[in-house]
Every structure is written in C-alpha cells, then in structure tokens.
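Undergrad: Mind looking over this structure? Questions follow.
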Amino acid sequence: MQITKEIVECAGLWLAEGDKKCNNEINFSNNEFSLIKFFDKNVRELFKDYQFNVRIYIYTPNEKIIHIPIKNCKINR
Numbered sequence: 777m778q779i780t781k782e783i784v785e786c787a788g789l790w791l792a793e794g795d796k797k798c799n800n801e802i803n804f805s806n807n808e809f810s811l812i813k814f815f816d817k818n819v820r821e822l823f824k825d826y827q828f829n830v831r832i833y834i835y836t837p838n839e840k841i842i843h844i845p846i847k848n849c850k851i852n853r
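Here my numbering = 1-based position in the sequence shown + 776.
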C-alpha cells in the first residue's frame, strides 16, 4: 500500500475528530459535509478490497431531517 497525501489527511482528521474506543471501527465526528465526503471517499478507496458497512449517525436538537450527500450507507437518526 502506498501512503498518499489523502490517506495522511484522513489520518489527521481521524486523530482530531475521531474515536478509538471501539474495536474494528473507524469513527469520524464532524458536521462539515466537504470533510465527511472527503473522509468517506478516501476510506472507501483505502478499504476497497474488504467488506465493511458505512453508518452515519445524525443528531439534531429538533430532529430536523438533514440530507446526507453520501450513497450506500445506513443512516441512523
């Protein structure tokens, strides 16, 4: 595997905004769609040879429905 600029940037985002409390999961907590899309695209590419599930958890104070610009994922509200 070649370490790319995008992988390094995702690692930095995960260190700044992630969670390492769970085994076998990569958690990324951020509400900026451009960063979420960037992280999603690069993690999917990095793990393309493996089977995995993508889940997005949405928390809003008023239960507002928010459109998520990411395909092929389970959304939990």
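The C-beta atom is built at its ideal place from N, Cα and C for all residues, glycine as well.
1. Given a cut-off of 8 Å on the beta-carbon distance, is the pair Ile812 and Ile834 in contact?
2. Just grab the DSSP bridge partners of Asn852 for me.
3. Can you give me the Cβ contacts of Asn806 inside the same chain, cut-off strictly under 8 Å, excluding the 5 residues immediately before and after it?
4. Kindly indicate which residue of Val784, Val819, Arg831, Arg853 has the alpha-carbon position closest to the one of Pro837.
5. Below 8 Å between beta carbons: does that hold for Cys786 and Val819?
6. May I ask which residues mark the beginning and end of the alpha helix (DSSP H) holding Asp816?
7. With the cut-off set at 8 Å, would you say Ile783 and Leu822 are in Cβ contact?
8. Starting from Gly868, follow its DSSP beta bridges and name the residues at the other end.
TA: Reading it off the structure:
1. As a position in the sequence shown, residue 812 is number 36, starting the count at 1. As a position in the sequence shown, residue 834 is number 58, starting the count at 1. No, these two residues do not count as a Cβ contact at 8 Å.
2. Taking the first residue of the sequence shown as 1, we reach residue 852 at position 76. BP columns for Asn852 point to Tyr833.
3. Residue numbering aside, residue 806 sits at position 30 when the sequence shown is read from its first letter. Leu789, Glu793, Ile812, Phe815.
4. One-based indexing of the sequence shown puts residue 837 at position 61. The candidate whose alpha carbon is nearest that of Pro837 is Arg853.
5. Sequence index remark: in the sequence shown, residue 786 carries index 10 (1-based). Sequence index remark: in the sequence shown, residue 819 carries index 43 (1-based). Cβ atoms of Cys786 and Val819: closer than 8 Å.
6. Counting from one through the sequence shown, the residue named residue 816 turns up at place 40. It spans 809-822 - the alpha helix (DSSP H) in which Asp816 sits, taken as one unbroken run.
7. Position 7 of the sequence shown holds residue 783. Position 46 of the sequence shown holds residue 822. For Ile783 and Leu822, yes; Cβs fall inside 8 Å.
8. The question about residue 868 has no answer here: the residues shown for the chain are numbered 777 through 853.
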